[in-house]
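Next comes the structure, spelled out in structure tokens:
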């Protein structure tokens, strides 16, 4: 029998928003509901996906006590019981709109970021490892593998990493290697890559 699950937010429980999840049967009758509190200005759930263990991962947005907007992750079991929650963010405003569990049991998250003073949002892509649930709350933590922005890129893009960048390969949509940047042992954590030589299109790093 089909089941449906929805994530969003509610203001039914006091100041600010809480993440709100509803699970229904195939007729739309409620099986259970859960709310997960926010802090400060509250939290919102934008997307929910089933995970390999039968539970769910929710990605959205939270306003922290310092009034910063950051990506908010919530892991729940199949009955909606909270397993862990984490924030991911940098110096700017971030929000998550898509999340997918990867083959290594980690997660890849796509969202947006608004750099300080910028007029438009950039795409924000984050890959985190499978041990996030046992880690401390993360802000650019050791579980975050890399960061790429802006996307789409016009004249350049920046790759940020918490471990030294040794090499960056760029492939086109057919898998053809278009550029290979080798940085060696210079302990580079951020690399600015020019894109003026590339034709418009989709590329993978």
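In this note's numbering, the protein residues as written are 163 to 367. Heads up, the beta-carbon is just placed ideally off N, CA and C, and yes, glycines get one too.
DSSP has residue i in a bridge; who is on the other side?
{"i": "residue 198", "result": "181"}
{"i": "residue 365", "result": "334"}
{"i": "residue 186", "result": "166 and 192"}
What does the alpha-carbon distance come out to for the pair residue i and residue j?
{"i": "residue 355", "j": "residue 267", "result": "30 Å"}
{"i": "residue 190", "j": "residue 163", "result": "12 Å"}
{"i": "residue 364", "j": "residue 357", "result": "12 Å"}
{"i": "residue 339", "j": "residue 239", "result": "41 Å"}
{"i": "residue 343", "j": "residue 205", "result": "40 Å"}
Quick check on residue i: does DSSP put it in helix, strand or coil?
{"i": "residue 293", "result": "helix"}
{"i": "residue 267", "result": "coil"}
{"i": "residue 246", "result": "strand"}
{"i": "residue 173", "result": "coil"}
{"i": "residue 218", "result": "strand"}
{"i": "residue 165", "result": "strand"}
{"i": "residue 315", "result": "coil"}
{"i": "residue 282", "result": "coil"}
{"i": "residue 260", "result": "strand"}
{"i": "residue 275", "result": "strand"}
Do residue j and residue i have their beta-carbon atoms positioned less than 9 Å apart in this structure?
{"i": "residue 221", "j": "residue 260", "result": "yes"}
{"i": "residue 258", "j": "residue 273", "result": "yes"}
{"i": "residue 245", "j": "residue 271", "result": "no"}
In the DSSP assignment, find the beta strand (DSSP E) that holds residue i and state where it starts and stops.
{"i": "residue 326", "result": "Where residue 326 is concerned, there is no enclosing beta strand (DSSP E), given that its DSSP letter is neither H nor E."}
{"i": "residue 207", "result": "204 to 212"}
{"i": "residue 356", "result": "352 to 356"}
{"i": "residue 343", "result": "339 to 344"}
{"i": "residue 234", "result": "231 to 238"}
Looking at chain D, is there any beta carbon in it that lies within less than 9 Å of the beta carbon of residue i?
{"i": "residue 242", "result": "Among the chains in the structure shown there is no chain D, since it carries only a single protein chain."}
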